Amino acid sequence: MSALDIYLTSASSDLKGYLDGVIGESTSNPYGIFNPASTPYDQWYHGGGTSSAHAEILSGNFTSYSGGNLTGTADTLTFGTGLSVNSSTGNASLANTELTIDYHHANVDAGPNSFDYSIYGIIKQAPSYFYTYLGDAGTNQHGTSGDDTLYSFYGNDTLTGNGGSSDFDTFKWDHSLYDSTHGFGNDTISDFVHGNDLIDFKGYGWSNYSQFISDSHVSVAGNTVTYVDPTNSSLHSTITVDGVSSLSASDFAFV
Ligand SMILES: [Ca+2]
Ligand SMILES: [Ca+2]
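If you're matching positions, the sequence shown starts at 1 in the working numbering and goes up one per residue.
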């Protein structure tokens, strides 16, 4: 499976904050609707009901849905507002697309697996199922020209803040997304700007740079951070920061 591409907008510029809110939002239509009503399905859509309510549209070519397992190929999952359904074609669309996930026409026959559970998570208002899938798949996250917060899930993530030196992007390693089998993966920041952007660790037990750099499980060498799992010394996670030769205290935050 190739890594998912995730495209943020100003509405979703804090990726996890956005998904926590939107997936956690209640709806009068929790199980969603397949379009057309019989296989193969082109779409599954969920949410909406008012112009401000969030909705999701999963697009692809789905050959069956049985025992929680959706089969076929997945193209995109879009999040936004203004869900409407064309009365003649039955196609659902969003007036405002706030976040797009590109599955690259992935085959989703296996399962039920974490892909299926990610959709279940939308139904159950449970973002953690969604984050497990993002960890399994790996992501390429694409920020906006403004300030973004991009996140490391437990797979290998490539984080691109965009905006160059005209914005302030935060690249976040939140311990709630850490996994005892995978650590936080081997991640890359593709466009770090000293003095603007931050590498932010939350929930790892460090409240400042001196605590971080003196932890025997942490090493910072050149443009690479390595973290060794405290209970499994063979589990190493890394951050590689492209385009810079070294990292210093001012590049890190602990909030
Ligand atoms: Ca990661
Ligand atoms: Ca940005």
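Glycine residues also receive a C-beta, built at the ideal position from the N, C-alpha and C atoms.
Model, not experiment: these values are computed from the prediction.
The set of residues with any CB-heavy atom separation to ligand 2 below 7 Å comprises, in chain order, Gly143, Thr144, Ser145, Gly146, Asp147, Asp148, Gly161, Asn162, Gly163, Asp167, Asp169.
Beta-carbon to beta-carbon, leucine 134 and phenylalanine 153 are separated by about 4 Å, close enough to satisfy the 8 Å threshold.
Per the coordinates, the alpha-carbon of tyrosine 151 lies some 12 Å from the alpha-carbon of leucine 198.
Here the distance from the Cβ of glycine 203 to the nearest heavy atom of ligand 1 is not below 7 Å.
With 16 or more other CB atoms across the displayed protein chains lying within 10 angstroms of its CB, threonine 81 is buried. Residue pairing by DSSP places valine 193 in no beta bridge whatsoever. At least one heavy atom of ligand 1 is found less than 7 Å from the C-beta of serine 152. If you check the C-beta of phenylalanine 130 against ligand 1, you find no heavy atom less than 7 Å away. Contact between the stretch 179-199 and the stretch 157-165 is established, with three or more Cβ pairs separated by less than 8 Å. Sequence-distant Cβ neighbours of aspartate 242 in its own chain, meaning closer than 8 Å and more than five residues away, are Thr188, Ile189, Ser190, Asp191, Phe192, Asn223. Rounded to the nearest whole angstrom, the C-alpha separation of aspartate 42 and leucine 70 is 12 Å. In the three-state reduction of the DSSP assignment, phenylalanine 168 falls in the coil class.
By the criterion of a C-beta distance shorter than 8 Å, isoleucine 23 is surrounded in its chain by Gly121, Ile122, Gln125, Ala126, Pro127, Phe130, once the five residues flanking it on both sides are discounted. For asparagine 113, the CB stays at least 7 Å from every heavy atom of ligand 1. With respect to the C-alpha of glycine 68, the residue from Ile119, Ala92, Thr89 having the closest C-alpha is Ile119.
At a threshold of 7 Å, glycine 155 counts as near ligand 1, since its beta carbon sits closer than that to one of the ligand's heavy atoms. For the 8 Å CB-CB criterion, asparagine 208 and phenylalanine 168 do not form a contact.
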